[in-house]
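Here the structure is laid out as structure tokens; the discussion comes afterwards.
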Amino acid sequence: MRVHDKSVTATVDVLRLLAARRDELTPALQRIADTIAGNPAEVVHMSTAELARLADTSDAAVSRFCRSVDVASFPELRSLIAVALAQGRQPAPVSLADVQRSSDLATIARAVRNAHVDAVDLTFAQLDIAVTALAIEAISAARQVIGFGVGAAGAVLTDLDFKLGLVGVPVTTTTDIHRALSMTARAGAGTVAIVISHSGDTRECVEVAQAGVEAGVTVVAITTAANSALSRASTHTLRPVAHEPRAQSGGTASRIAQLYVVDLLYLGLLARAPREEEVAADRMSRAVRPHRVSSGS
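The numbering of the sequence shown is full-length UniProt numbering, which starts it at 1 and goes up by one.
So this is what it looks like as structure tokens:
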């Protein structure tokens, strides 16, 4: 777990984080994740070899598992699990996995709320400040930004387009693969392509990233999986994290996590914007003010 703010360990349950990262792991590493999830109190007292035997895998796989979830070592992972258990998350909060056809609306409302709060907490826990700063620096210096994603990423692209426009960044977003490939192929140095894919394995997104890198474009991937094809093809990877059973969620929690990353980019850019950008933002606010209906109308 890439914790760059030590206070994160006090607020984010590593067991929730492991559950959110499970699907991106290999089958052998998933067995380790499942073993930990089913026996957290016992794992705290286990050696590497004991966990490997219980998960029907090897000592080396346990070490790979720790690296895969951004934890330095198994002793550190044991410590984080102990912290999670000490925080006493009992009774466990209702989750999307608990929602059934017969669930009442209050239960559903709590489950959705918990999923969305978890998405922000887990993304914050995985946040790599140094990489995020590099992405913000590249966007700030770019002569143009191209945003691309398919499917549900379109909603996030709309927000990205709006937010970057607020700080004066020349941005074009599209969900059309032909347009995205054409723009990135001719863009060259000085351009940043922001490519959004939850899984990181969407073919169109990988193709756009590869075309961008070949053209000298700085590619910023917003994707959950660090070892995905998109991440490998990109210059920088920002990792939103969300734990959601696909059947119940419709992917909304993952978009909440992606929107959190977009907000972070926007506010990071705003913090380093020159004074004239603040003046421009004020002019924009005054320009749209006449289009608001007064409360007395």
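Note that beta-carbon positions come from the ideal geometry of N, C-alpha and C, so glycine has one too.
Name the two residues that bound the continuous alpha helix (DSSP H) containing residue i.
| i | result |
| --- | --- |
| His178 | Ile177 to Ala187 |
| Val208 | Arg203 to Glu214 |
| Leu134 | Ile129 to Ala141 |
| Val14 | Val14 to Arg21 |
Can you list, in chain order, the residues of its chain whose CB lies under 8 Å from that of residue i, leaving out five sequence neighbours each side?
| i | result |
| --- | --- |
| Leu269 | Ile136, Ile139, Ser140, Leu164, Val167 and Val169 |
| Gly154 | Thr175 |
| Leu181 | Glu207, Val208 and Ala211 |
Kindly list the residues whose CB is nearer than 6 Å to the CB of residue i, restricted to its own chain and excluding five residues on each side of it in sequence; keep chain order.
| i | result |
| --- | --- |
| Met183 | Ile146 |
| Gly149 | Leu157 and Ile196 |
| His236 | Val131, Leu134, Ala135 and Val220 |
| Ile194 | Gly147 and Val220 |
Please report the distance separating the alpha-carbon of residue i from that of residue j.
| i | j | result |
| --- | --- | --- |
| Ala82 | Ala221 | 33 Å |
| Ala233 | Leu160 | 21 Å |
| Ala281 | Ser79 | 47 Å |
| Ala33 | Thr191 | 39 Å |
| Cys66 | Leu77 | 7 Å |
| Thr252 | Ser228 | 21 Å |
| Leu265 | Ala86 | 34 Å |
| Ala49 | Ala37 | 17 Å |
Let me know if residue i comes out buried or exposed under the rule of 16 or more other beta-carbons within 10 Å of its beta-carbon.
| i | result |
| --- | --- |
| residue 324 | The question about residue 324 has no answer, for the chain in this structure spans 1 to 297. |
| Leu105 | exposed |
| Leu51 | buried |
| Ala10 | Unreliable positioning characterises Ala10 in this predicted model, as indicated by a pLDDT of 38, which lies under 50. The coordinate reading is nonetheless provided below. Exposed, because fewer than 16 other Cβ atoms sit within 10 Å of the Cβ of Ala10. |
| Arg143 | exposed |
| Pro240 | buried |
| Phe74 | buried |
For residue i, collect the residues of the same chain with a Cβ closer than 7 Å to its Cβ; drop the 5 residues on either side in sequence, then sort them by chain order.
| i | result |
| --- | --- |
| Gln90 | Its pLDDT being 46, under 50, Gln90 is placed unreliably by the model, and nothing is read from it. |
| Arg64 | Leu29 |
| Arg31 | Ala55, Asp56 and Thr57 |
Would you mind reading off the limits of the beta strand (DSSP E) that contains residue i?
| i | result |
| --- | --- |
| Val169 | Here Val169 belongs to no beta strand (DSSP E), and DSSP marks it neither H nor E. |
| Leu25 | Unbroken run through Leu25: none, as it is neither H nor E. |
Answer yes if the stretch 186–201 comes into contact with the stretch 99–109, meaning at least three C-beta pairs across the two stretches below 8 Å, and no otherwise.
-> no
Is there contact between the stretch 120–136 and the stretch 15–23, where contact requires at least three CB pairs shorter than 8 Å?
-> Contact between the stretch 120–136 and the stretch 15–23 is present, with at least three C-beta pairs closer than 8 Å.
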